[in-house]
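Read through the structure below, which is laid out as structure tokens, and then see the notes.
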Amino acid sequence: MKVLVATEKPFAAVAVDGIRKEIEDAGYTLELLEKYTDRSQLLAAVADADALIVRSDKIDAEVIAAAKNLKIVVRAGAGYDNIDLEAATARGIVVENTPGQNSNAVAELVFGMAVMAVRNMYNGTSGTELKSKRLGIHAFGQVGRNVARIARGFGMEVSALDPYCPDEVMTEAGVTPIHDIKDLYRLNDVVSLHIPATAETKGSVGYDLITLLPKKGLLINTARKEVIDEAGLKKALADRPDIKYVADIKPDNADELHAEFADRVFFTPKKMGAQTAEANINAGIAAARQTVAYLRDGIDKFRVNK
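Note that the working numbering has the sequence shown beginning at 30, numbered continuously upward.
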């Protein structure tokens, strides 16, 4: 069987070596398509692939239709909105992600941006400290749990909202459960977003929630840009000159926000949460192991399409 690793932005060499070992030790053939510049290259490469490992590469209905033998797609990372789940499910193709493999990398970036924001973007003026500040975590998955762990080291008071996470999981982690989304924003000095982009969450964080933040509130987004109502964010920043917004995802109206609120917003040039050597290696090797587990034993523990 052929396992194709298709990465416009390649894995690190050491990750590729680890992926190759996992795949070839299992008796499968590995093919690499790296730094491809044209969609036709991807369509040609998937034509005879039994399994596909990708990063942020777009796997839409056209790609799935071209992959006649495809049995599984594994996204090396937590998010999987770059894969057409409906098209895959219609073909009986399993889609998996690799949750938790880059969660520490994202969580560390949260605090890198948080420190920068509370120190006024390092503009030379007097800022504040994170110690004793209240942190609200919006979704308590793998990244959220790592954020909580790091926050304790800063001496922050931590709470979280996640309707899919039992209260006891939060309390065991030293986190106070919150059940009303308005309370999450109203009661915390810093709110960190970790919700996926779904039909329910897209555009769900807007003016009404953001303006609930206390004086000098900070909103951090290392999730997806789609969860933000960008018009509402702009209005909130205009009406509340004490609020700051920093993100690992540049919004569509980034130029407008920079022009009007330059000292209160920051966006990384590209999504960088998982861009560490460790996360790159962990996610790639995990994707290879999950691919082998499915092809050899039918194990689909991390399946995201049902």
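For each residue, glycine too, the CB sits at the ideal point set by N, CA and C.
Cross-strand partners of residue i (DSSP beta bridge)
i, result
"residue 104", "83 and 126"
"residue 250", "222 and 276"
"residue 163", "186"
"residue 15", "Any answer about residue 15 is impossible in this case: the structure gives the chain only from 30 up to 335."
"residue 138", "Residue 138 is not bridged to any residue."
"residue 266", "Note: residue 266 sits in no beta bridge, so no partner."
"residue 63", "36"
"residue 58", "31"
"residue 88", "112"
Selected residue, minimal CA-CA separation from residue i, among the options
i, options, result
"residue 252", "232, 264 and 222", "222"
"residue 127", "259, 30, 165 and 312", "312"
"residue 257", "245, 277 and 271", "277"
"residue 340", "205, 210 and 56", "Residue 340 lies beyond the residue range present for the chain, which begins at 30 and ends at 335; the question has no answer from this structure."
"residue 90", "315, 299, 119 and 66", "119"
"residue 192", "229, 186 and 162", "229"
"residue 249", "220, 236 and 235", "220"
"residue 215", "224, 199, 263 and 164", "164"
"residue 332", "284, 232, 108 and 295", "108"
"residue 274", "239, 172, 177 and 299", "239"
"residue 161", "152, 288 and 187", "187"
"residue 122", "111, 99, 139 and 143", "99"
"residue 46", "325, 315 and 329", "315"
"residue 145", "306, 293 and 298", "293"
"residue 202", "175, 83 and 325", "175"
"residue 80", "177, 159, 95 and 303", "95"
"residue 147", "244, 335 and 327", "244"
"residue 290", "302, 299, 308 and 262", "262"
"residue 172", "271, 111 and 106", "106"
"residue 149", "300, 247 and 288", "247"
"residue 195", "40, 183, 208 and 62", "208"
"residue 259", "241, 268 and 286", "286"
"residue 140", "115, 178, 233 and 217", "178"
"residue 110", "288, 231, 298 and 310", "231"
"residue 54", "104, 318 and 158", "318"
Neighbour-count burial assignment, residue i, 16 or more Cβ in a 10 Å radius
i, result
"residue 132", "buried"
"residue 86", "buried"
"residue 155", "exposed"
"residue 58", "exposed"
"residue 167", "buried"
"residue 280", "buried"
"residue 189", "buried"
"residue 43", "exposed"
"residue 56", "exposed"
"residue 200", "exposed"
"residue 323", "buried"
"residue 284", "exposed"
"residue 97", "exposed"
"residue 152", "exposed"
"residue 227", "exposed"
"residue 73", "exposed"
"residue 325", "exposed"
"residue 35", "buried"
"residue 265", "buried"
DSSP three-state assignment for residue i, whether helix, strand or coil
i, result
"residue 34", "strand"
"residue 157", "coil"
"residue 240", "coil"
"residue 328", "coil"
"residue 150", "helix"
"residue 303", "coil"
"residue 245", "coil"
"residue 50", "helix"
"residue 99", "coil"
"residue 131", "coil"
"residue 121", "coil"
"residue 78", "coil"
"residue 322", "helix"
beta-carbon residue i near the ligand NAP non-hydrogen atom, thresh 6 Å
i, result
"residue 277", "Because no ligand of any kind appears in the structure shown, any question about the ligand NAP cannot be addressed here."
Inset, instruction - Quick one: which unbroken beta strand (DSSP E) runs of 3-plus residues sit fully inside the region 186 to 235? Chain order, please. - result: Restricted to the region 186 to 235, the beta strand (DSSP E) segments that are unbroken, complete and at least 3 residues in length are 186 to 190 and 219 to 222, listed in chain order.
Inset, instruction - Only counting runs of 3 or more residues, tell me where the beta strand (DSSP E) segments fall wholly within the region 269 to 299, in order along the chain. - result: Complete beta strand (DSSP E) runs here, min 3: 273 to 276 and 294 to 296.
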